[in-house]
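>
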Amino acid sequence: MTLTIVGSQLGDEGKGALVDRWGGDADVVVRYQGGDNAGHTVVEGGAEYKLSLVPSGAVRGTVGVLGNGCVVNPRTLFSEIDGLRERGLDPDVRVARRAHVILPYHRVLDGIEEEVKADDDAGDEVGTTGRGIGPTYEDKAGRRGVRVADLLDPGVLREKLEYAVPQKRAIVEDVYGLEIDGDEERAEAFDVDALHQEFAAIGERLADEGMTVNCSDYLHRRHEAGDEILFEGAQGTHIDVDHGNYPFVTSSNPTAGAAAVGSGLGVTKVGDGEVVGIVKAYLSRVGEGPMPTELDGDADEEALADDIREKGGEFGTVTGRPRRIGWLDLPMLRHAARVSGFTGLAVNHVDVLAGLDGLKVCTGYELDGEEIDTVPTTTDRWERCEPVYESLDTWAEFDSAAVAEEGYDALPEAAREYLEFVADETDTPVYAVGVGPDREETVELVNPFDA
Ligand code: IMP
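Numbering (my numbering), first residue to last: 306 to 756.
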């Protein structure tokens with residue numbers, strides 16, 4: 306069977322811990338979108354692993370696949386693999402030959418576009434991770450991308466670079482009016498010979514290590530053989546390019562439908578499995594865009610946001626940026642549950658909300674005098690939404706390790722009421738509750754592989 310893990314909010318819901326936990330029951334863990342903009346922290350026996358591209362299951366020795374829907378920065382890929390090897394692990398990572406490659410010029414272009422948007426004072430910069438994700442997906446859609454398969458054939462690679470690089474150069478010099486050759490790092494990113502030398506060598510390493518696959522064929526065979534396949538979504542529903550808060554989105558589809566498209570395993574196979582939405586018990590956002598429940602109204606709210614940020618470690622894994630903090634937003638969760646067809650929820654960071662003086666949940670919005678229960682389709686309308694709150698009982702600090710060991714009933718009663726409220730409002734049962742960062746600090750009600 307298959308299990309698809311999807312972020313229900315804006316990314317950073319703690320997907321890595323669940324992927325790592327349930328990945329132990331999987332034979333293959335597949336990423337189907339995104340690239341090294343993701344940041345997964347996996348804590349295993351006190352050791353912390355920060356990964357942005359290699360699927361989290363690799364820490365447990367499960368085969369990790371980067372599907373055709375991913376954009377792969379080979380420098381990041383090999384630095385993570387080498388880093389894990391230095392720490393005594395032996396990650397088995399396969400890369401789809403149809404996946405697109407992030408080249409150094411994509412990162413440069415990502416940075417330039419963000420700077421230009423920041424300078425025009427229109428407030429339209431996205432706050433990207435600067436990893437070249439958007440420009441790489443643009444080239445994919447524009448049919449001028451370089452794919453992993455192209456790295457394996459030096460002649461084809463040269464042809465592709467000779468076509469793409471002069472266009473990119475012209476964009477930087479003629480459209481943005483910026484210099485390339487005055488800056489050594491930038492010059493190398495637009496130098497066909499230097500790119501060819503580095504990326505053909507990467508192709509050789511991929512071939513030598515037998516890392517590339519025809520992803521659809523590979524997964525189909527594994528599925529036919531009865532293997533359990535876990536799809537690891539990166540980012541979250543509300544930064545999905547189709548279903549999120551456009552244009553403050555990433556350039557791929559973190560929602561569950563993309564698991565089929567981004568891997569080549571058919572929709573009926575993926576849809577026959579479980580889809581678990583990962584929820585953070587409050588809300589965080591990195592980057593720009595509306596956030597109706599943001600705790601930034603007055604000094605008290607800002608102090609509360611600071612406390613939650615510190616306690617929850619709410620700083621970007623990839624960029625280190627402090628995350629914006631808000632109350633749990635149910636209209637966002639309803640949208641996420643519908644778009645991906647959740648069969649279960651995992652609610653993380655329940656320990657972070659312990660010991661608060663008051664606790665609120667946003668159950669709907671008021672917009673232009675009307676009450677609505679889902680997220681509007683435009684940024685402008687979402688920005689104007691006033692949250693409608695329900696106050697719930699708070700719970701005291703508890704011993705996470707003891708709760709994880711004793712199970713759901715050991716959670717404080719108010720915390721259970723909170724979880725049951727979320728389950729009712731989204732019409733989706735809670736499968737797991739995160740009560741601390743370690744994989745062991747999770748209360749599991751249902752293992753989706755046994756559901
Ligand atoms: P990009 O994916 O780097 O193009 O960034 C586009 C938007 O998605 C920005 O608002 C980023 O902060 C956000 N984003 C990208 N990856 C993640 C993630 O893994 N977690 C949270 N936000 C992300």
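Each residue gets a CB set at the ideal place from its N, CA and C atoms; glycine is no exception.
#1: For the candidate residues G625, S357, A641, I534, whose alpha-carbon lies nearest to that of H543?
#2: Could you tell me the alpha carbon to alpha carbon distance between A608 and Q472, rounded to whole angstroms?
#3: Under the three-state reduction of DSSP, which class applies to L664: helix, strand or coil?
#4: Which residue comes first and which comes last in the beta strand (DSSP E) that contains G582?
#5: Is it buried or exposed for E619, if we count other Cβ within 10 angstroms and need 16 for buried?
#6: Let me make sure I understand the geometry here. Which of R436, D678, D330 has the alpha-carbon closest to that of D755?
#7: I'd like to check one pair, R643 with E730: are the Cβ atoms closer than 9 Å?
#8: Taking CB distances under 9 Å as the criterion, tell me whether P692 reaches chain D.
#9: State the CB to CB distance for the pair A475 and R449, rounded to an integer number of angstroms; the pair is presumed to be in contact (CB under 8 Å).
#10: Tell me the start and end of each unbroken alpha helix (DSSP H) in the segment 372 to 420 that is at least 4 residues and wholly inside, in chain order.
#11: What do you reckon, is the C-beta of E619 under 8 Å from a heavy atom of ligand 1?
#12: Would you mind sorting E260 into buried or exposed? The rule is 16 or more other CB atoms within 10 Å of its CB.
#13: Could you check which residue in Y523, A492, T367, A506 has the C-alpha nearest to that of G571?
#14: At a threshold of 8 Å, does R804 count as lining ligand 1 (C-beta to nearest heavy atom)?
#15: So the candidates are A604, V666, E691, G663; which of them puts its Cα closest to the Cα of E676?
#16: Under the DSSP definition of a beta bridge, which residues are partnered with E355?
#17: For G362 versus G351, is the C-beta distance shorter than 9 Å?
#18: Quickly, what does DSSP pair V748 with across the bridge? List them, please.
#19: Touch check for the segment 589 to 609 and the segment 427 to 447: three-plus C-beta pairs under 8 Å?
#20: Span of the alpha helix (DSSP H) holding P459?
#21: To the nearest angstrom, report how far apart A499 and T747 are at their CA atoms.
#22: How would you call V480, buried or exposed, if buried means at least 16 neighbouring beta carbons within 10 angstroms?
#23: In three-state terms, what does DSSP make of A561?
#24: If we count Cβ pairs, one from each stretch, closer than 8 Å, do we get three or more for the segment 563 to 570 versus the segment 521 to 537?
#25: Identify which residue in G621, E467, D486 has its Cα closest to the Cα of V497.
On the basis of the coordinates in this document:
#1: Position 238 of the sequence shown, counted from the first residue, corresponds to residue 543. When G625, S357, A641, I534 are compared, the shortest CA-CA separation from H543 is found for A641.
#2: Counted from its first residue, the sequence shown places residue 608 at position 303. Counted from its first residue, the sequence shown places residue 472 at position 167. Taking the straight line from one Cα to the other gives about 49 Å.
#3: What you label residue 664 is simply residue 359 of the sequence shown in a count that begins at 1. Three-state DSSP puts L664 in a strand.
#4: Residue numbering aside, residue 582 sits at position 277 when the sequence shown is read from its first letter. Here the beta strand (DSSP E) through G582 covers 579 to 585.
#5: Along the sequence shown, read from residue 1 onward, the residue named residue 619 stands at position 314. The residue in question, E619, is buried, as its Cβ has 16 or more Cβ neighbours within 10 Å.
#6: Here residue 755 refers to the residue found at position 450 when the sequence shown is read from its first residue. If we check each option's Cα against that of D755, D330 comes out closest.
#7: Indexing the sequence shown from 1 puts residue 730 at position 425. Indexing the sequence shown from 1 puts residue 643 at position 338. A distance of 9 Å or more separates the beta carbons of E730 and R643.
#8: This model lacks chain D altogether; it includes just one protein chain.
#9: Position 170 of the sequence shown, counted from the first residue, corresponds to residue 475. Position 144 of the sequence shown, counted from the first residue, corresponds to residue 449. Their Cβ separation, rounded to whole angstroms, is 13 Å, which puts A475 and R449 out of contact at 8 Å.
#10: 379 to 391
#11: The residue given as residue 619 occupies position 314 in the sequence shown. Remark: the C-beta of E619 is outside contact range of ligand 1, defined as less than 8 Å to any heavy atom.
#12: As shown, the chain starts at 306 and ends at 756. That puts residue 260 outside it, with no answer to give.
#13: Indexing the sequence shown from 1 puts residue 571 at position 266. Here the closest residue by C-alpha is Y523.
#14: The requested residue 804 is not part of the displayed model; the chain covers only 306 to 756.
#15: Residue numbering aside, residue 676 sits at position 371 when the sequence shown is read from its first letter. Per the Cα distances, E691.
#16: In the sequence shown, the residue the question calls residue 355 occupies position 50. It should be noted that the sequence gives Lys, not Glu, for residue 355. DSSP lists T346 as partners of K355.
#17: Numbered from its first residue, the sequence shown carries residue 362 at position 57. Numbered from its first residue, the sequence shown carries residue 351 at position 46. Contact flag unset, no.
#18: For this step, residue 748 is matched to residue 443 along the sequence shown. V738, per the DSSP bridge assignment.
#19: yes
#20: To locate residue 459, count along the sequence shown from 1; it is residue 154. Residues 459 to 475.
#21: As a working note, residue 499 is residue 194 in the sequence shown. As a working note, residue 747 is residue 442 in the sequence shown. Taking the straight line from one Cα to the other gives about 48 Å.
#22: What you label residue 480 is simply residue 175 of the sequence shown in a count that begins at 1. Exposed.
#23: Start at 1 with the first residue of the sequence shown, and residue 561 comes out as number 256. Of the three classes helix, strand and coil, the one that applies to A561 here is coil, per DSSP.
#24: The segment 563 to 570, when compared against the segment 521 to 537, does touch it at the 8 Å Cβ threshold.
#25: Taking the first residue of the sequence shown as position 1, residue 497 is located at position 192. That would be E467, whose Cα lies nearest to the Cα of V497.
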